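A.B. asks:
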Amino acid sequence: MESGGVEKQQSEGHGQGASYTYWVREATPDAAPLPLPKKLNPQDILSDQSQPAALGSVWNRAGTWEEKNLNNWASQRIKELLRSVDSLGLSCAKVQIADVTKCIGDAFLATVRNKKRVGYTYELTLKIKGEWLLGEERKTIKGHINIPEFSFGELDDLQMEVQLSDEKDILQKDKQQIIQDLKLFLQPVREKLLQFEQELKGR
Numbered sequence: 000m001e002s003g004g005v006e007k008q009q010s011e012g013h014g015q016g017a018s019y020t021y022w023v024r025e026a027t028p029d030a031a032p033l034p035l036p037k038k039l040n041p042q043d044i045l046s047d048q049s050q051p052a053a054l055g056s057v058w059n060r061a062g063t064w065e066e067k068n069l070n071n072w073a074s075q076r077i078k079e080l081l082r083s084v085d086s087l088g089l090s091c092a093k094v095q096i097a098d099v100t101k102c103i104g105d106a107f108l109a110t111v112r113n114k115k116r117v118g119y120t121y122e123l124t125l126k127i128k129g130e131w132l133l134g135e136e137r138k139t140i141k142g143h144i145n146i147p148e149f150s151f152g153e154l155d156d157l158q159m160e161v162q163l164s165d166e167k168d169i170l171q172k173d174k175q176q177i178i179q180d181l182k183l184f185l186q187p188v189r190e191k192l193l194q195f196e197q198e199l200k201g202r
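Here it is in structure tokens:
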């Protein structure tokens, strides 16, 4: 038995009942003193409050890894922004984005080593409606603009594929002109999606 301790034995019951042994430390002059409670002063409290706040949830104060799903917010926000794109006012046509008929994808906010990262991947279909002057006749044209899958940071490579609903009554040269006109939506759509990216980073 080490110095500074006393071994004690206690029996339960009488006769040959079960027993157990435990060791009790005795205070000696050379023993280390027990820690004493310390009262915090206002400076200690202010120092603790000045520590930078960890990102993420309360349970993840270490900021190791946490991912938050932002699909609902992102899908609704993309639709709102694209529906607000101004109409194209051309010399021979006026056309607008009537609706966003497909908005499929994912968006997330991740905390990695106490640093925030965002990302998304989406594909879209825009319903368009316009009126063109074809020859001497004004004709209402409907169609869709499909935007293939794109991701965060890839808007410079955004592409559009145009499909017209009523092609049989349109001359080939007029059809090509309408498709080129509709692709003028590329820049204002890109600007709205850039706005979405900035809002996503601010979440």
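For the record, in the sequence shown the residue sitting at position 37 is 36 according to numbering that gives the first Met the number 0, with numbers rising by one throughout. Note that beta-carbon positions come from the ideal geometry of N, C-alpha and C, so glycine has one too. Predicted, not measured: the structure shown is a model, and the values here were computed from it.
Out of K101, H143, W131, which has the shortest C-alpha to C-alpha gap to L123?
C.D. replies: As a working mapping, residue 123 is identified with position 124 in the sequence shown. When each option's Cα is compared against that of L123, the closest is K101.
A.B. asks: Can you find at least 3 beta carbon pairs, one from the segment 82–94 and one from the segment 123–134, that sit closer than 8 Å?
C.D. replies: Enough Cβ pairs lie closer than 8 Å, so yes.
A.B. asks: Does DSSP classify E166 as helix, strand or coil?
C.D. replies: Within the sequence shown, residue 166 is the residue found at index 167, counting from 1. Coil.
A.B. asks: Smallest Cα separation from V99: which of Y119, G142, V111?
C.D. replies: Mapped onto the sequence shown, residue 99 falls at position 100. Cα-wise, what sits closest to V99 is G142.
A.B. asks: Return yes when the Cβ of L81 is within less than 8 Å of the Cβ of V125, no when it is not.
C.D. replies: Taking the sequence shown and counting its residues from 1, one reaches residue 125 at position 126. Taking the sequence shown and counting its residues from 1, one reaches residue 81 at position 82. The residue you asked about is not Val; residue 125 is Leu in the sequence shown. Contact: yes.
A.B. asks: Please report the residue range of the alpha helix (DSSP H) in which N71 lies.
C.D. replies: Taking the sequence shown and counting its residues from 1, one reaches residue 71 at position 72. Run containing N71: 70–82, per the alpha helix (DSSP H) assignment.
A.B. asks: Taking only three categories from DSSP, how would you classify K174?
C.D. replies: Taking the sequence shown and counting its residues from 1, one reaches residue 174 at position 175. Note: K174 maps to helix in three-state DSSP.
A.B. asks: Please go through the same chain and pick out, in chain order, the residues whose beta-carbon is closer than 6 Å to the beta-carbon of T139, but skip the five residues on each side of it.
C.D. replies: By 1-based counting over the sequence shown, the position of residue 139 is 140. Within the same chain, T139 has close Cβ partners E130.
A.B. asks: Rounded to the nearest angstrom, what separates L199 and K182 at their Cα positions?
C.D. replies: Residue mapping note: residue 199 aligns to position 200 of the sequence shown, counting from 1. Residue mapping note: residue 182 aligns to position 183 of the sequence shown, counting from 1. Between L199 and K182, the C-alpha separation is close to 26 Å.
A.B. asks: Tell me R137's beta-bridge partners as DSSP assigns them.
C.D. replies: Counting from one through the sequence shown, the residue named residue 137 turns up at place 138. R137 is bridged to L132.
A.B. asks: Determine the contact status of R202 and L108, defining contact as a CB-CB distance below 8 Å.
C.D. replies: In the sequence shown, the residue the question calls residue 202 occupies position 203. In the sequence shown, the residue the question calls residue 108 occupies position 109. Cβ atoms of R202 and L108: closer than 8 Å.
A.B. asks: Where DSSP assigns a beta bridge to L87, which residues make up the other side?
C.D. replies: Counted from its first residue, the sequence shown places residue 87 at position 88. DSSP, once it has assigned bridges, lists V94 as partnering L87.
A.B. asks: Out of curiosity, what's the CA-to-CA distance linking A73 and A106?
C.D. replies: Position 74 of the sequence shown, counted from the start, is the residue given in the question as residue 73. Position 107 of the sequence shown, counted from the start, is the residue given in the question as residue 106. Approximately 6 Å, taken between the alpha carbons.
A.B. asks: Taking C-alpha atoms, which residue in L185, L193, Q194 lies nearest to I96?
C.D. replies: Position 97 of the sequence shown, counting from 1, holds the residue named residue 96. Selected option, being the one with the closest Cα: L185.
A.B. asks: Are the beta-carbon atoms belonging to L133 and D173 less than 8 Å from one another?
C.D. replies: Walking along the sequence shown from the start, residue 133 turns up at place 134. Walking along the sequence shown from the start, residue 173 turns up at place 174. In this structure, D173 lies closer than 8 Å to L133 by Cβ.
A.B. asks: Applying the 10 Å Cβ sphere with the 16-neighbour rule, what's the burial state of I146?
C.D. replies: For the purposes of this step, residue 146 is taken as residue 147 along the sequence shown, with counting starting at 1. By the 10 Å Cβ count, I146 comes out buried.
A.B. asks: Might you give, ordered along the chain, the residues of its own chain that have their beta carbon closer than 6 Å to the beta carbon of L192, omitting 5 neighbours on each side?
C.D. replies: In the sequence shown, the residue the question calls residue 192 occupies position 193. The answer, listed in chain order, is L154.
A.B. asks: From the DSSP output, which residues share a beta bridge with K126?
C.D. replies: Position 127 of the sequence shown, counting from 1, holds the residue named residue 126. DSSP lists D98, H143 as partners of K126.
A.B. asks: So if DSSP puts K191 in a beta bridge, which residue, or which two residues, is it bridged to?
C.D. replies: Reading the sequence shown from its first residue, position 192 is the one you call residue 191. Bridge partners of K191: none, in fact.
A.B. asks: With burial defined as no fewer than 16 other Cβ atoms inside 10 Å of the residue's Cβ, what is the status of I103: buried or exposed?
C.D. replies: Numbered from 1 along the sequence shown, position 104 holds the residue referred to as residue 103. With fewer than 16 Cβ atoms within 10 Å of its Cβ, I103 is classed as exposed.
A.B. asks: Taking V203 as the reference, give the member of P187, Q194, Q197, K115 with the closest Cα.
C.D. replies: This structure cannot speak to residue 203, because the chain is shown only from 0 to 202.
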